[in-house]
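K.L.:
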Amino acid sequence: MPEIRPVTKDNWRKLIKLQVREDQKNFVASNVHSIAESQFGYDEPVHGHWDFHSFGIYDGETAVGFLMYGFNFGHPKQQAFIVRLMVDEKFQGKGYGRFGMEKALETFRADGRIKAVGISYEPENEGARKLYASLGFVEPGEMLGDETLAVLKLG
Ligand SMILES: CC(C)(COP(=O)(O)OP(=O)(O)OC[C@H]1O[C@@H](n2cnc3c(N)ncnc32)[C@H](O)[C@@H]1OP(=O)(O)O)[C@@H](O)C(=O)NCCC(=O)NCCS
4 MPEIRPVTKD NWRKLIKLQV REDQKNFVAS NVHSIAESQF GYDEPVHGHW
54 DFHSFGIYDG ETAVGFLMYG FNFGHPKQQA FIVRLMVDEK FQGKGYGRFG
104 MEKALETFRA DGRIKAVGIS YEPENEGARK LYASLGFVEP GEMLGDETLA
154 VLKLG
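Structure (structure tokens):
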């Protein structure tokens with residue numbers, strides 16, 4: 004059974020070695036970039052601070068992917084955001100990406116402050132779009148920079 008584990012001083016070196024396929028590299032930042040970003044979160048000009056949390060996706064002792072989500076409980080639209088998701092090229096298509104998403108959503112559903120979850124992806128990232136749509140994410144027709152926004156309403 005896979006699991007997600009927080010990024011720590013003991014596992015970050017392994018996690019930064021995970022790679023997507025060459026043709027997927029513009030879909031997702033490197034894990035070393037994401038782990039750096041997760042130290043600080045993100046300040047939105049109007050709606051305030053997003054706090055980031057980063058995890059490795061594991062199958063037993065094998066690191067297979069990376070997940071990062073953020074919280075901003077005062078945000079009027081989405082109080083949780085899936086900031087990053089990747090599965091190493093060697094382990095794609097085995098359900099780990101879906102598993103990571105389901106674990107994140109399980110955490111969000113248990114927190115009454117979270118009414119909606121956001122995610123964004125490159126418009127040509129059909130694999131990601133299909134995965135998120137199958138979990139109930141809907142595109143409101145807005146862009147977030149050059150990425151397509153999708154939102155899942157909870158409860
Ligand atoms: C997107 C990604 C995280 C999916 O992880 P994964 O472990 O390969 O996906 P899963 O095996 O869990 O598949 C889940 C669903 O994704 C969809 N999917 C994944 N890759 C796909 C592809 N290449 N083409 C079409 N659909 C795809 C399918 O709908 C699949 O549904 P199923 O469970 O009914 O088969 C992974 O392919 C990846 O790391 N891609 C590169 C980075 C990226 O695009 N990250 C997302 C940025 S928003």
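The numbering used here puts the first residue of the sequence shown at 4, with every later residue one more than the last. For every residue, glycine included, the Cβ atom is placed at its ideal position computed from N, Cα and C. None of these values were measured; they are calculated from a predicted model.
1. For Asp62, name the three-state secondary structure that DSSP assigns.
2. Which one of Arg8, Glu127 and Val154 has the shortest CA to CA distance from Glu64?
3. Alpha carbons only, please: which of Ser137, Thr11 and His56 is nearest the one belonging to Gly100?
4. Measuring CB atoms only, is the stretch 42 to 55 touching the stretch 88 to 107, in the sense that at least three cross pairs come out at less than 8 Å?
5. Using the C-alpha atoms, what's the distance from Leu108 back to Gly139?
6. Contact defined as beta carbons within less than 8 Å: I believe Lys118 pairs with Gly158. What is the distance between those atoms, to the nearest angstrom?
7. Comparing C-alpha positions only, which one of Pro5, Val141 and Thr151 sits nearest to Val67?
8. Using only the heavy atoms of ligand 1, determine whether one of them is closer than 7 Å to the beta carbon of Phe30.
P.N.:
Here's the rundown:
1. Mapped onto the sequence shown, residue 62 falls at position 59. Correct three-state label for Asp62: strand.
2. Here residue 64 refers to the residue found at position 61 when the sequence shown is read from its first residue. The residue with the shortest Cα to Cα distance from Glu64 is Arg8.
3. Start at 1 with the first residue of the sequence shown, and residue 100 comes out as number 97. Cα-wise, what sits closest to Gly100 is Ser137.
4. no
5. Locating residue 139 in the sequence shown gives position 136, where the first residue counts as 1. Locating residue 108 in the sequence shown gives position 105, where the first residue counts as 1. Cα-Cα distance, rounded: 11 Å.
6. Translated into the one-based positions of the sequence shown, residue 118 becomes position 115. Translated into the one-based positions of the sequence shown, residue 158 becomes position 155. Yes, Lys118 and Gly158 are in contact; Cβ-Cβ is about 7 Å, under 8 Å.
7. Sequence index remark: in the sequence shown, residue 67 carries index 64 (1-based). The residue with the shortest Cα to Cα distance from Val67 is Pro5.
8. In the sequence shown, the residue the question calls residue 30 occupies position 27. Result yes, Cβ under 7 Å from ligand 1.
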